[in-house]
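My numbering puts the first residue of the sequence shown at 377, with every later residue one more than the last.
Even for Gly, the Cβ is constructed at its ideal location relative to N, Cα and C.
All values reported here derive from a predicted model rather than from experimental measurement.
Reading through the structure tokens given below for one structure.
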Amino acid sequence: MSFDGLFTRAMTKELSESLTGGRINKVHQPYKNEIILMIRAGGKNHKLLLSAHPSYARVQLTNEAYDNPSTPPMFCMLLRKHLEGYILENVHQVELDRIIIFEVKGRNEIGDVSSKQLIVEIMGRHSNITLVDKERNMILDSIKHVSFAINSHRALLPGQEYKLPPAQHKANPFAADEDDILRKIDFNSGKIDKQLVAAFSGLSPLLAKEALFHAGLANRTTIPKAFITLMKKVEKHAYSPAITVNENKESFYLFPLEHANGQSYSYPSLSAMLDRFYFGKAERDRVKQQSSDLERFMQTEKEKNEKKIKKLERTLTEAANADQHQLFGELITANMYSIAKGMKSVEVINYYDENGATAEIPLDPKKTPSENAQSYFKRYTKAKNSIAIVHEQIDKAKEEAAYFDSLLQQIQTASPRDIEEIREELMEEGYIKQKQKRNGKKQQNVKPTLDTYTAGDGTEILVGKNNKQNDYLTNKLAGRDEIWLHTKDIPGSHVVIRTKEPSDETILEAAVLAAYFSKARSSSSVPVDYTRVRHVKKPNGAKPGYVIYEQQQTVYVTPSEDEVLRLKK
Numbered sequence: 377m378s379f380d381g382l383f384t385r386a387m388t389k390e391l392s393e394s395l396t397g398g399r400i401n402k403v404h405q406p407y408k409n410e411i412i413l414m415i416r417a418g419g420k421n422h423k424l425l426l427s428a429h430p431s432y433a434r435v436q437l438t439n440e441a442y443d444n445p446s447t448p449p450m451f452c453m454l455l456r457k458h459l460e461g462y463i464l465e466n467v468h469q470v471e472l473d474r475i476i477i478f479e480v481k482g483r484n485e486i487g488d489v490s491s492k493q494l495i496v497e498i499m500g501r502h503s504n505i506t507l508v509d510k511e512r513n514m515i516l517d518s519i520k521h522v523s524f525a526i527n528s529h530r531a532l533l534p535g536q537e538y539k540l541p542p543a544q545h546k547a548n549p550f551a552a553d554e555d556d557i558l559r560k561i562d563f564n565s566g567k568i569d570k571q572l573v574a575a576f577s578g579l580s581p582l583l584a585k586e587a588l589f590h591a592g593l594a595n596r597t598t599i600p601k602a603f604i605t606l607m608k609k610v611e612k613h614a615y616s617p618a619i620t621v622n623e624n625k626e627s628f629y630l631f632p633l634e635h636a637n638g639q640s641y642s643y644p645s646l647s648a649m650l651d652r653f654y655f656g657k658a659e660r661d662r663v664k665q666q667s668s669d670l671e672r673f674m675q676t677e678k679e680k681n682e683k684k685i686k687k688l689e690r691t692l693t694e695a696a697n698a699d700q701h702q703l704f705g706e707l708i709t710a711n712m713y714s715i716a717k718g719m720k721s722v723e724v725i726n727y728y729d730e731n732g733a734t735a736e737i738p739l740d741p742k743k744t745p746s747e748n749a750q751s752y753f754k755r756y757t758k759a760k761n762s763i764a765i766v767h768e769q770i771d772k773a774k775e776e777a778a779y780f781d782s783l784l785q786q787i788q789t790a791s792p793r794d795i796e797e798i799r800e801e802l803m804e805e806g807y808i809k810q811k812q813k814r815n816g817k818k819q820q821n822v823k824p825t826l827d828t829y830t831a832g833d834g835t836e837i838l839v840g841k842n843n844k845q846n847d848y849l850t851n852k853l854a855g856r857d858e859i860w861l862h863t864k865d866i867p868g869s870h871v872v873i874r875t876k877e878p879s880d881e882t883i884l885e886a887a888v889l890a891a892y893f894s895k896a897r898s899s900s901s902v903p904v905d906y907t908r909v910r911h912v913k914k915p916n917g918a919k920p921g922y923v924i925y926e927q928q929q930t931v932y933v934t935p936s937e938d939e940v941l942r943l944k945k
């Protein structure tokens with residue numbers, strides 16, 4: 377992983393320089409495995425993110441906005457009790473392990489000076505955040521409880537003594553000379569990058585591969601020199617944080633990764649880089665967990681309507697034979713004298729055919745000629761009458777399929793808050809059962825919260841990411857002469873520029889947002905329509921979020937996550 381021991385060392389330095397001496401003003405726990413500390417230090421407010429997420433564990437300063445639950449979890453309440461108002465005295469790393477300890481001091485509820493440690497262990501799915509009473513070295517609580525049944529070395533439970541994870545007894549890469557490095561490598565065994573990771577603390581496979589890349593032709597001379605050069609660079613904190621992107625994936629590190637053979641993007645700090653790298657990733661994971669049942673339901677409903685459309689279209693094809701039923705009825709009537717009850721078919725001259733061709737007509741032997749004729753006339757009438765109804769049913773099924781298709785698109789760009797609004801919409805539309813309120817009171821109507829972006833010239837741009845937000849933005853909030861945007865014939869968000877006369881640059885920036893929050897997010901040259909809000913109408917009885925519009929113009933843009941992040945900032 378990119379967040380190895382050496383990266384942890386660099387992040388510890390960044391946090392120490394920014395936060396030491398700061399006061400912890402607020403503690404939030406927006407999600408199950410993540411803590412936000414609001415710290416006032418150096419005359420500025422800082423937002424410190426501590427994450428024990430199984431896939432995205434990290435520690436960083438962040439500018440991202442997080443939604444906090446209405447009722448804080450128990451661990452959050454405990455941290456507020458023991459940390460709010462405390463001073464952050466020191467931030468340090470445990471050797472070169474992925475463990476950062478925040479040393480805090482303050483006065484407890486009875487006024488005595490108290491020292492605590494907030495310990496963050498970044499270890500993949502075993503990541504954890506633990507609050508320790510420093511004087512007693514006793515665990516007050518941890519964000520994940522670990523018993524001796526799970527870990528025989530230590531338990532992370534309230535009241536237990538805090539123990540560090542077992543030491544790995546690896547060599548210090550900063551102290552190694554060429555001979556030390558050669559003694560750690562068996563050139564006959566191969567996989568030298570893995571040998572380096574196993575031998576030296578703080579190294580990730582990513583950094584080991586970078587060292588071998590710098591060595592060029594790997595041998596006993598080039599590898600130690602390349603390794604030592606790289607370690608000196610890290611030891612001196614000579615960083616240039618960068619995300620390296622190639623066709624397969626993107627990676628971040630303290631400097632551009634040349635072995636990744638991709639495009640590198642530099643950032644002013646490690647935290648700024650992590651904000652960009654993790655933009656949407658952790659949130660997408662949380663949304664996936666929250667919306668898996670909704671997504672299955674929507675996909676099933678969409679497929680059900682698509683099958684219904686095919687079945688109805690077959691009915692239309694059969695109804696197209698209505699004229700033949702009428703013809704057979706008339707030919708039987710005209711040839712009644714030559715047909716007798718009991719016949720299974722009859723061949724007669726088709727007097728509607730210019731060439732005088734014959735037509736073979738199937739008959740029901742149990743019916744008289746007159747009854748056979750009436751049977752065909754009835755089938756003709758039924759087929760004719762059904763065509764209008766079938767067309768109506770096809771239109772309705774297409775509307776339903778399009779509706780669920782748009783909801784599936786909205787889930788792809790939704791935040792956890794957006795998912796709850798989508799769930800509420802499905803309840804209101806009668807697709808899923810209403811949740812029973814324990815107190816029996818009706819839920820008050822709450823205005824949807826819209827995503828706000830700022831154009832280069834300072835103009836506000838609002839984005840609705842689900843139907844509730846789209847309806848509120850377009851039909852209630854937006855001014856009649858403000859500019860409304862939507863991807864052309866593609867499910868997506870409603871976007872509104874909060875001005876009557878936006879610049880061309882602002883229109884293009886808003887169009888990028890409309891394309892990014894649409895089904896065409898991964899496409900290029902996406903058509904986006906824009907018009908004044910006064911020209912956007914919601915038809916009577918239309919599904920939530922559905923509108924029609926006129927007098928539009930179209931621009932073509934390519935969605936860009938970097939552009940979206942820039943506009944969000």
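- By the beta-carbon neighbour count (other beta carbons within 10 angstroms, threshold 16), Pro-644 is exposed.
- Judged by DSSP secondary structure, Val-766 falls outside any beta strand (DSSP E) and instead within the alpha helix (DSSP H) spanning 745-788.
- Per DSSP, the unbroken beta strand (DSSP E) holding Ala-618 starts and ends at 618-621.
- If you draw a straight line from the Cα of Asp-880 to the Cα of Ala-887, it comes to about 10 Å.
- The C-alpha of Gly-638 is placed about 39 Å away from the C-alpha of Ile-859.
- In this model, Ala-773 and Glu-689 are separated by some 11 Å (Cα to Cα).
- Setting aside the 5 residues that flank it on each side, Gln-675 has no residue in the same chain whose C-beta is closer than 6 Å to its C-beta.
- Judged by their CB atoms, Arg-399 and Ile-412 are not nearer to each other than the 8 Å cut-off.
- Relative to the Cα of Leu-583, the nearest Cα in the group Met-607, Tyr-922, Val-403, Leu-739 belongs to Met-607.
- About 17 Å separates the beta carbon of Pro-920 from that of Lys-895, a gap too long to meet the 8 Å contact definition.
- Ranked by Cα distance from Glu-677, the options Ala-602, Ala-778, Glu-706, Val-663 are led by Ala-778.
- No residue range can be given for Gly-638, since it is assigned to no alpha helix (DSSP H) and is classified by DSSP as neither H nor E.
- The Cβ neighbour count for Ala-716, taken over all protein chains shown within 10 Å, is under 16; the residue is labelled exposed.
- Under the DSSP assignment, Ala-602 falls in the alpha helix (DSSP H) whose first and last residues are 598-611.
- Taking a cut-off of 8 Å on C-beta distances, the stretch 484-501 touches the stretch 429-446, as three or more cross pairs fall below it.
- Residues Phe-550 of the same chain have their beta carbon placed closer than 7 Å to that of Glu-611, with the five preceding and five following residues left out of the count.
- Counting along the chain, Thr-676 sits inside the alpha helix (DSSP H) bounded by residues 657-695.
- Only residues of its own chain outside the window of five on either side were considered, and among them Leu-670, Ile-808 have a CB closer than 8 Å to the CB of Arg-799, listed in chain order.
- In the three-state scheme derived from DSSP, where H, G and I count as helix and E and B as strand, Leu-593 is classed as coil.
- Shown here for Asn-726: same chain residues with a beta carbon closer than 8 Å to its own, the five before and five after excluded, namely Leu-703, Leu-707, Gly-732, Ala-733, Thr-734, Ala-735 in chain order.
- DSSP places Glu-410 within a strand segment (E or B) once states are collapsed to three.
- Residue Tyr-756 holds the alpha-carbon nearest to the alpha-carbon of Asp-699 among Ser-647, Gly-656, Tyr-756, Ser-746.
- The beta carbons of Ile-463 and Gly-397 sit about 7 Å from each other, so the pair counts as a contact at 8 Å.
- When DSSP states are grouped into helix, strand and coil, Lys-742 belongs to the coil group.
- In terms of Cβ geometry, Lys-864 and Pro-903 form a close pair [threshold 8 Å].
- A residue is called buried once 16 or more other Cβ atoms fall within 10 Å of its Cβ, and Ser-721, having fewer, is exposed.
- Collapsing the DSSP output to three states places Gln-810 in coil.
- With contacts defined as CB atoms closer than 8 Å, Ile-599 and Ala-591 qualify as a contacting pair.
- If you look at Phe-704, you'll find it in the alpha helix (DSSP H) that goes 698-710.
- Here DSSP, grouped into helix, strand and coil, assigns Leu-437 to strand.
- Between Ile-505 and the set Gly-419, Tyr-538, Ala-417, Arg-483, the nearest pair of CA atoms involves Tyr-538.
- A straight line joining the alpha-carbon of Glu-805 with that of Lys-510 spans about 55 Å.
- Within 10 angstroms of the beta-carbon of Leu-849 lie 16 or more other beta-carbons, which makes it buried.
- Looking at the backbone, the Cα of Leu-579 and that of Leu-540 are separated by about 19 Å.
- Setting aside the 5 residues that flank it on each side, Tyr-615 is surrounded in the same chain by Ala-386, Leu-630, Phe-631, each with a C-beta closer than 7 Å to its C-beta; the list follows chain order.
- Taking C-beta atoms as the reference points, Ser-642 and Ala-618 count as a pair closer than 8 Å.
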